[in-house]
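Only one structure is covered here, and it is reproduced in the block below.
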Amino acid sequence: MAGHSTEIVRKPRADAVRNRERVLEAAKAVFSAGGSEASLEAVARHAGVGIGTLYRHFPTREALYEAVYRREVEQLSDLAEQLDNAPDPVEALRRWLRANVEFVATKKGMVAALALVAHASTELQAYSFDRLTKAIGALLARAVAAGEIRADISAEDVLRALIGMCYMHDQAGWQTTALRLLDVFVDGLRLRPAHKATTAGPKPARDKTKPTSGRVKPKG
Numbered sequence: 001m002a003g004h005s006t007e008i009v010r011k012p013r014a015d016a017v018r019n020r021e022r023v024l025e026a027a028k029a030v031f032s033a034g035g036s037e038a039s040l041e042a043v044a045r046h047a048g049v050g051i052g053t054l055y056r057h058f059p060t061r062e063a064l065y066e067a068v069y070r071r072e073v074e075q076l077s078d079l080a081e082q083l084d085n086a087p088d089p090v091e092a093l094r095r096w097l098r099a100n101v102e103f104v105a106t107k108k109g110m111v112a113a114l115a116l117v118a119h120a121s122t123e124l125q126a127y128s129f130d131r132l133t134k135a136i137g138a139l140l141a142r143a144v145a146a147g148e149i150r151a152d153i154s155a156e157d158v159l160r161a162l163i164g165m166c167y168m169h170d171q172a173g174w175q176t177t178a179l180r181l182l183d184v185f186v187d188g189l190r191l192r193p194a195h196k197a198t199t200a201g202p203k204p205a206r207d208k209t210k211p212t213s214g215r216v217k218p219k220g
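What follows is the structure in structure tokens.
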């Protein structure tokens, strides 16, 4: 009897978890698209739940935006850990940075609402900056240790470059431009030992036994 009662309690909890995840996934898609259709009603329709269900999980617009934001940061952090075992450390770094373009697209659809709650926005920025720089740092360190990329760039440098590439474009199709610039950026970090050997090798020593001009000055 007690076991039957426990099962009845657990089932709606599992449904609630699934509904919450469906809402968050739908919100990511809707906010990434942006525009006038990025409403909470559109999120509920996309998730296949009623607007009441959405509000039970996220009583305010800001609460939903914050949950989506944190979920994206956590997923990027998890992805960095998964890529730690990838065979090519440079391609692992590239793949992680490309995943960030999706995160920025979602964030662009929420930035105005997040700014409405200044303290929450500041805390979220600090939270995301810490998690993302740690993720980049681990991927960078692995690529540097493998001798694949230059060692004079920090995780903060990479993150700021990524933000710049994404936020300097607001027109339709900006993601394509950002991804192209990202590839150029990552390729620019690569070390090319063969090229360095041919362009920066030691200069040959001058033979001091030979005269410096065609004319020899007579002695005396």
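Residue numbers (full-length UniProt numbering): 1 to 220. Glycine included, every Cβ here is placed at the ideal spot set by N, Cα and C.
Could you check where the alpha helix (DSSP H) with residue i kicks off and where it finishes?
{"i": "Asn100", "result": "89-108"}
{"i": "Val68", "result": "61-83"}
{"i": "Ala47", "result": "40-47"}
{"i": "Gly52", "result": "51-57"}
{"i": "Met168", "result": "Taken as a continuous stretch (DSSP letters only), Met168 belongs to no alpha helix (DSSP H), as it is neither H nor E."}
When we look at the beta-carbon of residue i and count the other beta-carbons within 10 Å, is it buried (16 or more) or exposed?
{"i": "Gly173", "result": "exposed"}
{"i": "Arg180", "result": "exposed"}
{"i": "Asn85", "result": "exposed"}
{"i": "Thr122", "result": "exposed"}
{"i": "Arg142", "result": "buried"}
{"i": "Ile163", "result": "exposed"}
{"i": "Val186", "result": "buried"}
{"i": "Val90", "result": "buried"}
{"i": "Arg13", "result": "exposed"}
{"i": "Phe58", "result": "buried"}
Among the options, which one has its Cα closest to the Cα of residue i?
{"i": "Ala92", "options": "Ala63, Leu139, Leu24", "result": "Leu139"}
{"i": "Leu79", "options": "Trp96, Arg71, Ala67, Pro89", "result": "Trp96"}
{"i": "Val184", "options": "Tyr167, Gln171, Ala161", "result": "Ala161"}
{"i": "Gly48", "options": "Arg70, Ala38, Asn19", "result": "Asn19"}
{"i": "Asn100", "options": "Arg71, Thr60, Arg56", "result": "Arg71"}
{"i": "Ile153", "options": "Tyr55, Arg190, Asp15", "result": "Arg190"}
{"i": "Ile149", "options": "Ser128, Arg192, Leu182", "result": "Arg192"}
Which residues in the same chain have their Cβ closer than 7 Å to the Cβ of residue i, if we skip the five residues on either side of it in sequence?
{"i": "Gly50", "result": "Ala44"}
{"i": "Ile136", "result": "Ala155, Val158, Leu159"}
{"i": "His46", "result": "Ala26, Ala29, Val30"}
{"i": "Ala146", "result": "Pro89"}
{"i": "Lys134", "result": "none"}
Excluding the 5 residues flanking residue i on each side, which residues of the same chain have their C-beta closer than 8 Å to its C-beta?
{"i": "Met110", "result": "Phe31, Tyr65, Val68, Tyr69"}
{"i": "Phe103", "result": "Glu72, Val73, Leu76"}
{"i": "Gln171", "result": "none"}
State the Cα-Cα distance for the pair residue i and residue j, rounded to the nearest angstrom.
{"i": "Ala42", "j": "Cys166", "result": "25 Å"}
{"i": "Glu62", "j": "Ala29", "result": "17 Å"}
{"i": "Val23", "j": "Ser39", "result": "12 Å"}
{"i": "Thr106", "j": "Ala16", "result": "24 Å"}
{"i": "Ala126", "j": "Arg94", "result": "24 Å"}
{"i": "Arg98", "j": "Leu132", "result": "13 Å"}
{"i": "Thr53", "j": "Leu124", "result": "25 Å"}
{"i": "Asp88", "j": "Gly188", "result": "16 Å"}
{"i": "Tyr55", "j": "Glu21", "result": "14 Å"}
{"i": "Phe129", "j": "Leu182", "result": "19 Å"}
{"i": "Ala151", "j": "Val144", "result": "6 Å"}
{"i": "Gln82", "j": "Gln175", "result": "24 Å"}
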